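Sequential numbering from 1 applies to the sequence shown in UniProt numbering.
The structure under discussion appears below in the form of structure tokens.
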Amino acid sequence: MTGCRLETVLQPCHIHRMKRLRIGRAWLDMVGSGDSDRYFDALVDDIHDDLDRICAALLTDPAGVVLDVGANIGTTPAVFSKHVPNGQVYAFEPGPSVFAALKANVALNGLKNVSPLNLAVAAKPGTVRFFEDAAYGHITTDGRGCDVPAVSIDDFVASRALKRVDLIKIDVEGFESSVLEGAAQTIERFAPIIHMEFNLWCLMAYSKIDPIDFAESLVRKFRFVFAIDPFSPDRARRIEAGQAARFVHDRMVARGCIDDLVMTNNERVAEILEGLVIVPPADEIAPAEHHIGWRQIATYVGRRLSLHAQALLGGRNAS
């Protein structure tokens with residue numbers, strides 16, 4: 001352990017459960033956001049190996065800057081941190097209890113180039129309504145939750161006078177379009193890589209966005225859009241004009257509704273992605289007892305979708 005002593009980190013935020021996990025091919029100590037953190041309970045080893053390989057190929061400057069929007073308890077900032085050792089990772093997380101875990105994990109693992117920020121990211125600065133449900137919290141439009149401060153990417157970049165943005169990762173449970181809207185100037189100026197979750201359930205249930213319309217807008221907005229599916233294909237697959245409906249169909253019918261996209265306007269980055277092997281060789285995969293087996297993937301995806309559904313229905317019943 002390279003960071004703070006455990007009791008020093010955990011005392012202020014009343015977090016007491018810890019796991020040692022293999023995240024992005026590195027072993028780290030991680031704590032959850034409380035006794036009812038279902039996301040933390042479900043975490044197993046070999047997390048973010050696909051993200052780690054993408055970063056190794058694309059984040060080649062150790063002084064790079066990463067914006068992690070929806071940083072959760074800190075597993076993705078930990079991956080980014082090692083790829084920009086002389087740079088900076090800004091980790092945004094609006095949920096109070098999850099943010100406490102994020103701060104604890106950053107300190108616990110000595111991630112000195114990660115700056116945790118207790119902020120939502122939206123199309124414009126102000127406040128948004130946020131419903132906290134451990135790792136599955138999300139912005140709401142129906143009055144549930146509490147008000148949290150929000151910033152746009154463009155305003156944040158201007159306020160910090162950032163001279164570069166190399167990668168923006170977005171995982172905000174269906175409100176990705178709002179984040180992209182507020183990042184238009186940053187994308188135009190720096191042409192960062194966009195690594196974004198595409199979650200059909202969250203798009204439809206939380207933000208009331210038609211997934212096909214959203215997919216089509218992404219293909220119009222970015223010159224190159226790739227689907228990353230670490231569970232089956234061994235390469236990134238490009239989505240081109242006219243293929244949005246097929247992409248959504250495949251995700252809905254065959255892929256469990258959840259996928260990651262990598263988007264860029266940079267032709268060099270696209271060429272790297274075209275040939276990038278996402279699934280690691282067999283000798284780089286941890287022993288079977290440490291990760292989700294291939295036969296368990298459908299169960300894993302089904303469980304995640306079930307948790308999203310429970311959160312939505314539970315919130316409606318409580319309102």
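Glycine included, every Cβ here is placed at the ideal spot set by N, Cα and C.
Keep in mind that this is a model prediction, so the values were computed, not measured.
- The DSSP-derived three-state label of residue 222 is coil.
- Below 8 Å, too few C-beta pairs join the region 148–165 and the region 32–44 to call them touching: fewer than three.
- Contact check for residue 244 and residue 219: beta-carbon distance about 6 Å, within the 8 Å limit, so the pair qualifies.
- Contact check for residue 177 against residue 209 passes: the beta carbons are separated by less than 8 Å.
- The bridge partners DSSP lists for residue 68 are 91, 169.
- Note that the C-beta distance between residue 166 and residue 66 is below 8 Å.
- C-alpha of residue 44 to C-alpha of residue 22: approximately 8 Å in a straight line.
- Assigned with DSSP and collapsed to three states, residue 105 falls in helix.
- Around residue 211, the same chain offers 200, 203, 248 as residues with beta carbons nearer than 6 Å, after the five sequence neighbours per side are excluded.
- Distance from residue 79 to residue 52 at the Cβ level is roughly 5 Å; contact confirmed, criterion being Cβ atoms closer than 8 Å.
- A direct Cα-Cα distance of roughly 6 Å separates residue 190 from residue 164.
- Per DSSP, residue 80 is one residue of the alpha helix (DSSP H) stretching across 75–83.
- Beyond the five residues adjoining it in sequence on each side, residue 187 comes within less than 7 Å, by CB distance, of no other residue in the same chain.
- Note: residue 127 is bridge-paired with 149 in the DSSP secondary-structure output.
- Note that the C-beta distance between residue 153 and residue 194 is not below 8 Å.
- Residue 119 carries a coil assignment under DSSP once its states are collapsed to helix, strand and coil.
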